[in-house]
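Residue numbers (the working numbering), protein chains in the order written: chain A, 871 to 1172; chain B, 52 to 408. We treat Cβ as the ideally placed atom computed from N, Cα and C, and that holds for glycine. Everything on this sheet refers to the single structure shown next.
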């Protein structure tokens, strides 16, 4: 019986494949893309001012509302600036670590690093955010340590900087930035390490052999070939920062971020179309980001 | 290939001139407890085509990497053109390498790959592009300058790697198994081409190979490596005609090696020797031994037919198997069948006494 079935399926590749693919395709199609489409659709509806009901007719009024209020534009720019800063910092911090993991670490050290990078992800996200709030607090362990090193004036100076500063790290954009970088760092390290591992050692030797100093080899060979990994990692750090609403509400200055707006508009404010319009913004920004990355040749080496 | 053989004969046994292109002094490299290279000393003359030959793990590639500067020796010195470069990084050595996997930069075109050397040395864009095209012309690839390495065949990649390594006009070109990844026909073509190129440019070539045929046909001199040491350093003809050890006799000439005990039974003296297959004559079992010849008889185990030649394996009564090569033209009449008895004979002069075994 079973042999008959195997023989039947073996001869019919297409049938067999579609049988395997159907369930995940249904999931992807309906649950994933369907809900995304519903979200997009919602953003083209508007809410009735009096009854607070959604009027299902096509209108750009919600987008008008989104872009006409300076406060909303502020939120978008603030979130974008944070996402860019976090992505750049994550790339700078991740590169040496990923490079060590991919190129220099022995098998044991490599396993240790992979576990070390991924271990924080096994802990609850909320616990980590609240823990950071305590670490960054005015009387927290970080300021104690900075004091111990005699660097308190430097920290005070940083906190007195307008915009990024604040009364303490826990209630400043600087602190929020630190937490964001910490949270998304593994998402940058792992694709970057994978990309660097694919660069054969002989390419670096060839570069040195032809007369390139280590800095030139890095710029001309390593960086261009690591670019796809860097692009993949930055898509994570960029989009995760654009959409997050927990970190900005627990740590940092009181200003709103896109994620918080979405959360608030679909919850307490009950304005589903505006929440949908807000959540379209990160999608658009990431689309623009990917287009730019492609133009700059980030995916050429793929 | 005959012209190449003639050139080798001219260089035979002449000592390299005083100003050596490469000089290795007691060079060693250990990896943990393993001595990959064990006090190797050798001198390579300017313009010489020098081969490092050996099985995998014999230290030949380690030796090349040390000359290129990718690795530092545990002990010993390296001199290039008379100057001590032991502690000089690869980017400051006037030596270029053709890598086994070609190591072409995948994100650059062929022309950009070749122009990379001048580029990192600060040559202006227009000049280095012209230089790249000149060298590409040398390897007959100027028409592919705009392609990327992914669009090239193995043989083309090989030429690009060669062009890229030659564009800096190095004093010494190092080649790490340069023909290993090519098919047989292309390999023979490239052997000739490399030899001609080397002759034309007058650059010292040092190349690593595990293929004794390649080493014999291309090199002026060959260093045979075994277990991190040089087993024998000689001209190709010297290695083939006068192997010093059983290892060299087997590895270079695929010669028959007869160890001391068996030698005593055949020649009457307990001295190990090598005898090359083409010097053994196969006679009918009842034929008389020619004047001044050494002989023995055994059972014809099998015959491998190679076209121009055939290789006969004969099992002697003590179990030793000797092989004899006969040219197709020299085999008149009915051939003996496997399983029949034959007599082997060779002249006393063709025995090569071995230092070991």
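Review point. So which residues on chain A does residue 171/B lean against when the C-beta distance must stay under 9 Å?
Key: The contacting residues are 1077, 1080, 1081, 1082, 1083, 1086, 1087, 1090.
Exercise for review: Could you work out which residue in 225/B, 260/B, 307/B is closest to residue 277/B when comparing CA atoms only?
Suggested key: Distance check between residue 277/B and each of 225/B, 260/B, 307/B places 260/B closest, using alpha-carbon atoms only.
Point to revise | Residues, ordered as in the chain, of the stretch 147-161 of chain B that lie near chain A by beta-carbon distance below 9 Å | key: Listed by position, the residues of the stretch 147-161 of chain B near chain A (Cβ gap below 9 Å) are 147, 148, 150, 151, 152, 153, 154, 155, 156, 157, 158, 159.
Review point. What residue from 338/B, 100/B, 138/B, 82/B has the CA that sits closest to residue 113/B's CA?
Key: Among 338/B, 100/B, 138/B, 82/B, the Cα nearest to that of residue 113/B is on 82/B.
**Study point:** Proximity test, Cβ basis, 7 Å: residue 888/A and chain B
**Key:** So no, residue 888/A is outside the interface.
Review point. Does any C-beta atom of chain B lie closer than 7 Å to the C-beta of residue 1094/A?
Key: Interface criterion met: the Cβ of residue 1094/A is under 7 Å from a Cβ in chain B.
Exercise for review: Name, please, each residue of chain B whose Cβ falls closer than 7 Å to the Cβ of residue 1073/A.
Suggested key: Here the neighbours are 154, 156.
Practice item. Along the beta strand (DSSP E) that carries residue 355/B, what are the first and last residues, could you check? Key: Here the beta strand (DSSP E) through residue 355/B covers 344-356.
Review point. By the 10 Å Cβ neighbour count, where 16 or more other Cβ atoms means buried, how is residue 208/B classified, buried or exposed?
Key: With 16 or more other Cβ atoms inside 10 Å of its own Cβ, residue 208/B counts as buried.
Check your understanding: Could you give the distance in angstroms between the alpha-carbon of residue 72/B and the alpha-carbon of residue 109/B?
Key -> Rounded to the nearest angstrom, the two C-alpha atoms are 23 Å apart.
Check your understanding: Considering only residues of the same chain and omitting the five flanking positions on each side of residue 1071/A, which have a CB-CB separation below 8 Å?
Key -> Cβ neighbours of residue 1071/A beyond the five flanking positions: 973.
**Study point:** Per-residue contacts from residue 141/B into chain A (C-beta, under 8 Å)
**Key:** Near residue 141/B (Cβ distances below 8 Å), the residues of chain A are 1075, 1078, 1079.
Exercise for review: Determine contact between the stretch 1141-1160 of chain A and the stretch 1062-1076 of chain A, defined as no fewer than three beta-carbon pairs at a distance below 8 Å.
Suggested key: Touching, no.
**Study point:** Cβ-based contacts, 7 Å cut-off: residues of the stretch 111-127 of chain B near chain A
**Key:** So the list reads 119, 121, given in the order they occur along the chain.
Review point. Under a Cβ-count criterion, where at least 16 other Cβ atoms within 10 Å of its own Cβ denotes burial, should residue 265/B be classed as buried or exposed?
Key: It counts as buried.
Practice item. Starting from the beta carbon of residue 219/B, find every residue of chain A whose beta carbon is closer than 8 Å, and list them in chain order. Key: By Cβ distance, chain A contributes 1080, 1081.
Practice item. Tell me, please, which residues DSSP counts as bridged to residue 397/B. Key: Answer by DSSP bridge pairing, in chain order: 345/B.
Review point. Would a check of beta-carbon distances place residue 167/B closer than 7 Å to chain A?
Key: Yes, residue 167/B lies at the interface with chain A (some Cβ there is under 7 Å from its Cβ).
Practice item. Classify residue 250/B as helix, strand or coil using the three-state DSSP reduction. Key: Per DSSP, reduced to three states, the secondary structure at residue 250/B is helical.
Exercise for review: Report all residues from its chain with a CB closer than 7 Å to the CB of residue 1059/A; omit the five preceding and five following residues, and keep chain order.
Suggested key: These residues qualify, in order along the chain: 964, 967, 968, 987.
Practice item. Ignoring anything shorter than 4 residues or poking outside the stretch 188-251 of chain B, list the alpha helix (DSSP H) runs there in chain order. Key: Within the stretch 188-251 of chain B, complete alpha helix (DSSP H) segments of at least 4 residues are found at 205-217, given in chain order.
**Study point:** Top-ranked residue by Cα proximity to residue 1114/A, from 941/A, 946/A, 875/A
**Key:** It is 946/A.
Review point. Among 203/B, 244/B, 339/B, which residue has its Cα nearest to the Cα of residue 397/B?
Key: For residue 397/B, the nearest C-alpha among the options comes from 339/B.
Review point. How big is the Cα-Cα spacing for residue 233/B and residue 187/B?
Key: If I take the Cα positions, the gap works out to 20 Å.
Exercise for review: Please report the residue range of the alpha helix (DSSP H) in which residue 299/B lies.
Suggested key: Note, residue 299/B: alpha helix (DSSP H), 297-304.
Check your understanding: Residues of chain B with CB under 8 Å from residue 1070/A, in chain order?
Key -> Those within 8 Å of residue 1070/A in chain B are 152, 154.
Check your understanding: Alpha carbon to alpha carbon, how far is residue 392/B from residue 354/B?
Key -> Looking at the backbone, the Cα of residue 392/B and that of residue 354/B are separated by about 13 Å.
**Study point:** Contacts of residue 181/B in chain A (Cβ-Cβ under 7 Å)
**Key:** Taking a Cβ-Cβ threshold of 7 Å, none of the residues of chain A is close to residue 181/B; the smallest such distance is about 17 Å.
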